[in-house]
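Chains as they are written, first to last, in my numbering: chain D, 1 to 332; chain C, 333 to 664; chain B, 665 to 996; chain W, 997 to 1328. We treat Cβ as the ideally placed atom computed from N, Cα and C, and that holds for glycine. Bear in mind the structure is a predicted one, so any value in this text is a computation, not a measurement.
4 protein chains.
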Amino acid sequence: MRDIPDQPFPGWDPPSYRVDEQGKVDGAEPGPHHNWGRFGDDDQRGTFNHLTPERVVAAASLVKTGKRFSLALPIGPPTPGGYRSEPLHFYGMAAGDGILGSGRGGTRYPVSDDYIVMALQASTQLDGFGHVGGDAVLYNGYWAGLVTASGGARRLGVHHLAQGIVGRAVLLDVARHASVAHLDAGFPVGPDELDGAASAQGVSIAAGDIVLVHTGHLGWKMQLPAGSAEAADRREPGISTRAIPWLHDHDVAMIATDTAACSVVPPEPGDEFLTWHVAALRDLGLLVGELFDLDALADDCAADGRYVGLFTSAPLHVKGGVASPPNALVLK
Amino acid sequence: MRDIPDQPFPGWDPPSYRVDEQGKVDGAEPGPHHNWGRFGDDDQRGTFNHLTPERVVAAASLVKTGKRFSLALPIGPPTPGGYRSEPLHFYGMAAGDGILGSGRGGTRYPVSDDYIVMALQASTQLDGFGHVGGDAVLYNGYWAGLVTASGGARRLGVHHLAQGIVGRAVLLDVARHASVAHLDAGFPVGPDELDGAASAQGVSIAAGDIVLVHTGHLGWKMQLPAGSAEAADRREPGISTRAIPWLHDHDVAMIATDTAACSVVPPEPGDEFLTWHVAALRDLGLLVGELFDLDALADDCAADGRYVGLFTSAPLHVKGGVASPPNALVLK
Amino acid sequence: MRDIPDQPFPGWDPPSYRVDEQGKVDGAEPGPHHNWGRFGDDDQRGTFNHLTPERVVAAASLVKTGKRFSLALPIGPPTPGGYRSEPLHFYGMAAGDGILGSGRGGTRYPVSDDYIVMALQASTQLDGFGHVGGDAVLYNGYWAGLVTASGGARRLGVHHLAQGIVGRAVLLDVARHASVAHLDAGFPVGPDELDGAASAQGVSIAAGDIVLVHTGHLGWKMQLPAGSAEAADRREPGISTRAIPWLHDHDVAMIATDTAACSVVPPEPGDEFLTWHVAALRDLGLLVGELFDLDALADDCAADGRYVGLFTSAPLHVKGGVASPPNALVLK
Amino acid sequence: MRDIPDQPFPGWDPPSYRVDEQGKVDGAEPGPHHNWGRFGDDDQRGTFNHLTPERVVAAASLVKTGKRFSLALPIGPPTPGGYRSEPLHFYGMAAGDGILGSGRGGTRYPVSDDYIVMALQASTQLDGFGHVGGDAVLYNGYWAGLVTASGGARRLGVHHLAQGIVGRAVLLDVARHASVAHLDAGFPVGPDELDGAASAQGVSIAAGDIVLVHTGHLGWKMQLPAGSAEAADRREPGISTRAIPWLHDHDVAMIATDTAACSVVPPEPGDEFLTWHVAALRDLGLLVGELFDLDALADDCAADGRYVGLFTSAPLHVKGGVASPPNALVLK
């Protein structure tokens, strides 16, 4: 047997703040661009609130060809990016067992029943607002301590989004606009890149839009040889912290990329690894999607010149969860 | 220690059939109402094929009010019905840990990361075609032996449906038409009940429709005291085998109920427990939904008299799976 | 969709204590009977320290007949007692798959590979010292906050016990001494019952002993009809808080029962549900075993009049765990 | 969305054999060295039968110093070798949650409860007889088809070994005898190496012995930099197929190594990858251990010149399992 060394522990001092009965940290302050209080003092849904019935109706009117695009990666290894373990998919019963005289119904009624063990951010994912905080505080001033193993997300649970994220999808094909198959790792997508792509595509970002940024990175990553150094490299293009005001000013409801972190990795000078997530999730209450599989949609948009459609996403209705597969479709 | 007795085993004789390179059982025959070969000899999607682009466009035009209805039960115990274990929801990291000086980012960057362990049919569910077969055969003649623990569903995997189940939703409120809050356990919903509700509602079932049958059973079940005999009772209303020709004749794309089994439990005289599933899944290749939470939608339909809407469902893109949470929305 | 109500939250004030670099809560005090500091200020193993090499050698000399007794319940539902979900046992690959032309080696090399999903206290179990604390403090003054989802048990992890719990087993057959097949639910086993059984059996408890208390409850529980009210009843006989000084005075290394909670349920007047666990785990640092299957061992002891043997237990070597199947054997 | 291609399927013909009511394949024949029928026509425990009460008593008498050695690797990534996913360790409740006002007992009674998700062969492991077969047949002629996802191991389940593997441990330090810190990858340990080490150590292998072969490979592997090519390399030293007759002739009860496969990887010329496992598991019914952590024990044996001790192993009592952590101790 080999000993397991104790984890370092530097001691602990209690924090100086109190948390009120609403779950808010006394004196908590957001960053410069934020939506705290905008949708109500007790709001737990952030920019989800931009998805008004009127915008849903308008978005539905964009369905012209009847083409459907799922934005989900296959669940089944390997998944590019991320430090989480791969999903495990099990059969509690398999129809084939019936052929072998096993199973509930035998060969007369062969039955299958399968299970999944997965990190809710192991594949294509939606970040809930319990996912990342800053200085002990989550979106709208809620306390990070509200999220525990015992209680799950006592506030800001992903179940608040289960009604469905529905609105106008706008694909911004930044890679195509830059005339590359995929943006380089570390390339920051800022307001200029977003505006440039929109302009080239002839679309304007409107309040409540769901912005899908195609970098080409995911598709490139998936065709790399397994085990190669490039496959293991976590650097990737992504959204710049400089785009936070842009996202705020346009009242974007959701942003998603075909990368693992949404934000550029490594972060730009002056930023820490989670600076962007704090600004997006904690301050704006912005819906964030990652590992969205956008290649087929991007090809179709380029082919017909229409970069908009109806976006629907039904996250798993997990009580007190912090994330979910988004189960997102775009209908054009 | 107490001994674990050996499971009974009656011996085994090999089957007499062969399976061809396509995965079809030689000589397999469907029941009297079937879609085998209708969508191609190698079809693995069944009535999903009814969901044509034209029908998607038409269904999108039904979105008038912008109201969204998720049809998903909360994932978090208890779930009414079914013999499967309740989903387990875990936090690999919880933001609150940061407050305690633990976690990746500490109190400066509190981070949460959650996991789920669940039967893919533990809650609101879509049955894939690997779920139930009859006489060693699955939909379109595929061999039940194609579904194994090692390989998953080597054919008919639920990933074939990941593109999205999208079409016109028609709610048939059979309970309301019968002037009851919920149908009795064991009540069979046959063609007369379906036609009666449709007629009363002023809707006609058209090819490619997604038919949502409201029995009221689920809502009633959920308000029963936990541990009560009624809560444990698995009898429920549901679709009759007599409705199979009706479903076939109308080219219904999907049927879903607010019950655990879709089919009536116990089955009607002459039927075995899985007779309906074999006829629906194996013979028709019909998409089947269970434990759909239809109460709020039914209330809304009754209120505005509109029983149709746009249905979108993005099953998890699980390679070789047999079932999935449907992640279904109705937009009205 | 039905809404999930927010969990109640009463607000939060930071604690007034500090935690030092060793992980100890400043000013923490144990209860009246305790082993804090006894085995070192940084001790994380409690009464495990009683298991000296000399006692191991002496215990080994008790093996006379070569009979082996596993004290483990079968893992496979149903497990009596407890609020945890039943273990899930899955096959990632099953040898039978090879017969169906699936799996890694096919029919030539059929291979099985199985997985388990289980609460480490779902069946026969050893409580580690991170399991229960009192007033924010664990054994030896360590802070309860050291145990988090992110870090696991940063101190007092069950891995500290992985070297093996080995010593003299003494079975005290309290049920047999009381001339009953099983003690009644709610019956408290105090010093008198322990001494009475020991005296009747002709054994004396010595320092470092592993005391196995047979109440007969588990065996009775397992033969109850599933779903019966008695099967669901959580009341059970168990160790009284009055036995805490007895356990301390005798320098008992470990106590285990054939019940779910070890302590009597409901607790005796004046005690709360976890009073006993705090006294045993937090104050004494006592190894505690639950759901030990002692019937066969008790029968053998009664038959040959020898109530002692060599006890060996190798908990899973889980880094930062709080509990484990004990994997305990008694050799006589 | 990207398509998931169908798995290749070459068609299927039913086997020509029948399986009798005992679960035996008609006409099945073992390899040249075997124990089929030796312990009874219905035996499911193989060389476990060598562990007679007399041998248990004799082995217990070897405990002289009271030193305990666990042979278990830490469960917590990374585990060297193997293609299985790393165990996942979760906290359903963490004591620290109580500090944050969450959890069952709050700060007054902080409670932890942990879960494990693991391949039963993910770490130090015991192979059961359902793990590997040859030509559709398992140990003693049982049919490989008896192991299914639905039924688990309907015969030869690891629960048959739950009573405990107890006997004389003999460490053969082949690495030390070869004067190397660790044997080279691909180095086959045959009868000469085993006899040479035994002779040098002054021990003779007797019937019923548990032979622990120290190659030094595991300890070397664990100190390699994560992600290095050497860490990913699956080649390793191990037992040669030429040692099968030696294991049989000596009536060895169990063999275990500090390598992932027990057998040498890659296999020697003329062998396939699983040739050794078929000969050991299927033909001999030999207990096989892998990833045993033998370094500390080997050091102690070298220091005091005593290479024997009492071996105890209590596999998890998993109904119908094929493998388990062995939870093995050696007491010297």
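Among the CB atoms of chain C, none fall inside 8 Å of the CB of B:P979. Closer than 8 Å to the CB of C:P657 there is not a single CB belonging to chain B. Comparing alpha-carbon positions, the option among C:L613, C:R614, C:H649 and C:A593 lying closest to C:F605 turns out to be C:A593. Restricting attention to W:T1255, W:K1328, W:G1097 and W:P1070, the CA atom closest to the CA of W:F1183 is found in W:T1255.
Under DSSP, W:D1123 shares a beta bridge with W:V1284 and W:A1319.
Here C:Q555 is exposed: its Cβ has fewer than 16 other Cβ atoms, across all protein chains shown, within 10 Å. Annotation for D:L310: no alpha helix (DSSP H) segment contains it, though the beta strand (DSSP E) segment containing it runs V308 to S313. Taking one beta carbon from each stretch, the stretch 790 to 804 of chain B and the stretch 678 to 693 of chain B have 3 or more pairs nearer than 8 Å; the two touch. Per the C-alpha coordinates, the member of W:G1212, W:E1050 and W:V1248 positioned closest to W:S1200 is W:V1248. Between B:V811 and B:V986, the CB-CB gap stays under 8 Å. In chain order, E1082 place their CB closer than 6 Å to the CB of W:P1073, counting only its own chain and leaving out the 5 sequence neighbours on each side. Cβ atoms of D:A119 and C:D445 come within 8 Å of each other, at about 6 Å. For the pair C:H546 and C:D524, the Cα-to-Cα distance works out to about 15 Å.
Proximity of chain D to W:A1145 at the Cβ level (cut-off 7 Å) is accounted for by Y91, G92, M93, A94 and D97, in chain order. 8 Å or more divides the Cβ of W:D1300 from the Cβ of W:G1027.
Contact note: D:G23 reaches chain B through F673, using a C-beta cutoff of 7 Å and chain order. Counting only unbroken stretches of 4 or more residues, the alpha helix (DSSP H) elements lying wholly within the stretch 65 to 149 of chain D are 95 to 99, in sequence order. Distance from W:V1207 to W:L1168 at the Cβ level is roughly 6 Å; contact confirmed, criterion being Cβ atoms closer than 8 Å. Under DSSP, B:I829 takes part in a beta bridge, and its partners are B:S977. In the DSSP assignment, D:I244 falls within the unbroken alpha helix (DSSP H) covering I244 to D249. At a Cβ-Cβ threshold of 8 Å, B:G831 and B:A723 count as neighbours. Shown here, B:E900 sits in a strand according to DSSP, grouped into three states. In this structure, DSSP gives B:K688 an extended state, which the three-state scheme calls strand. Contact annotation: in the stretch 154 to 174 of chain D, residues whose CB is within less than 8 Å of a CB in chain C are H159, A162, Q163, G164 and V166. CA-CA distance, D:K221 to D:L88, rounds to 21 Å. Under the 10 Å beta carbon count, W:D1229 is surrounded by fewer than 16 other beta carbons and is classified as exposed.
Under the 8 Å criterion on CB atoms, D:I205 is classed as non-interfacial with respect to chain B. Using a C-beta cut-off of 8 Å, the stretch 1143 to 1158 of chain W makes contact with the stretch 1302 to 1319 of chain W, since at least three inter-stretch Cβ pairs fall below that distance.
The beta-carbon separation of W:V1053 and B:K728, rounded to 7 Å, stays under the 8 Å limit for a contact. Listed along the chain, the chain B residues whose CB falls inside 8 Å of the CB of D:R18 are G675, W676, D677 and P678.
In terms of Cβ geometry, B:A826 and W:S1195 do not form a close pair [threshold 8 Å].
Nearest Cα to B:D705 within the set B:L993, B:D873, B:D684 and B:V929: B:D684. DSSP lists no bridge partner for D:M222. Between C:G534 and chain W, the shortest Cβ-Cβ separation is not below 8 Å. If the five residues before and after C:R567 are omitted, its C-beta is found closer than 7 Å to the C-beta atoms of A517, G518, V597 and P598, all from its own chain and listed in chain order. C-alpha of W:D1039 to C-alpha of C:P337: approximately 14 Å in a straight line.
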